[in-house]
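Some notes on the structure that comes next.
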Amino acid sequence: MKKPLVGIIMGSSSDSRIMHAAAEILDEFGVPHEDQIISAHRTPTRLEEYAKYAEKNGFKAIIAGAGGAAHLPGMIASHTVLPVIGVPILVYNDKQQKKSAFGGLDSLLSISEMPSGSPVVTVGVNKALNAGIYALKILANESSSIRKMLKSHKEKQHKSVLKESQDLKRMGLKKFVKKKFK
421 MKKPLVGIIM GSSSDSRIMH AAAEILDEFG VPHEDQIISA HRTPTRLEEY AKYAEKNGFK
481 AIIAGAGGAA HLPGMIASHT VLPVIGVPIL VYNDKQQKKS AFGGLDSLLS ISEMPSGSPV
541 VTVGVNKALN AGIYALKILA NESSSIRKML KSHKEKQHKS VLKESQDLKR MGLKKFVKKK
601 FK
């Protein structure tokens with residue numbers, strides 16, 4: 421197994437339902453990553469140790485996802501010089517009911533409103549995929565192959581939107597919606 425370049429950490433096991441999207445895009449690009457559950461509140465010593473471990477082992481970025489008070493991204497950022505990408509999480513229970521009274525806004529604000537000098541790049545609520553892509557952009561600064569793959573990925577997205585637009589025009593809105601969202 422290759423040495424991990426990106427750490428994916430989350431505050432609890434329930435966050436894994438969201439954070440797997442970051443792992444999937446890194447896997448798609450062949451980027452090795454390490455995934456851990458680390459609680460900023462329940463395992464603060466482990467959090468500090470992980471930050472040092474990530475630096476020592478050549479990680480290039482850490483993706484940190486947390487819900488509620490969402491201190492994990494900021495706390496890991498306070499212990500490392502590595503770029504930290506924060507994923508605010510709105511977790512749903514098994515009945516798909518929101519567990520947060522604030523709809524993820526609490527997590528978003530906790531992660532994005534870091535004090536000066538302790539930055540955390542913040543993606544949208546539950547947007548772990550975007551966090552993975554941002555980590556790939558960091559890696560692309562040193563890897564021409566990742567840069568090339570990212571350009572190809574963007575081109576596929578471009579073509580997909582054009583195709584959907586053509587399908588919509590050809591089918592009309594009513595038929596398009598029926599086919600797309602069965």
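Numbering-wise (the working numbering), the sequence shown opens with residue 421 and increments by one.
All C-beta atoms in this analysis are idealised placements derived from N, C-alpha and C, irrespective of residue type, glycine included.
When the distance is taken between beta carbons, is L549 closer than 8 angstroms to F449?
no
Look at the alpha carbon of F479 and the alpha carbon of S585, and state the distance between them as a whole number of angstroms.
Those two C-alpha atoms are separated by around 40 angstroms.
Please classify M421: does DSSP put it in a helix, a strand, or coil?
Coil, per DSSP.
Looking only at C-alpha atoms, which of G487, I509, E444, I483 sits nearest to A497?
I483
With distances taken Cα to Cα, identify the nearest neighbour of T463 among T500, G537, L492, N477.
L492
Please look up how many angstroms separate the CB atoms of T542 and I531, rounded, as I've assumed it's under 8 angstroms.
5 angstroms
Do the stretch 521 to 529 and the stretch 498 to 510 make contact, defined as three or more Cβ pairs closer than 8 angstroms?
yes
Under three-state DSSP, which class holds P464?
Helix.
Which stretch, first to last residue, makes up the beta strand (DSSP E) that contains H453?
453 to 457
Are the stretch 432 to 444 and the stretch 453 to 472 in contact at 8 angstroms, needing three or more beta carbon pairs?
yes
Expressed to the nearest angstrom, what Euclidean distance is found between the alpha-carbon atoms of S580 and R567?
20 angstroms
Under DSSP, the beta strand (DSSP E) around M430 begins and ends at which residues?
426 to 430
To the nearest angstrom, how far is it from the Cα of N546 to the Cα of S433?
15 angstroms
Suppose contacts are defined by Cβ-Cβ distances below 8 angstroms. Is G431 in contact with G523 by that definition?
no
Opposite V511 in the DSSP bridges: which residues?
DSSP lists no partner for V511.
Whole-angstrom Cβ separation of T500 and E475, contact assumed at under 8 angstroms?
6 angstroms
Thinking C-alpha only, which one of V451, M421, K599 is nearest S565?
V451
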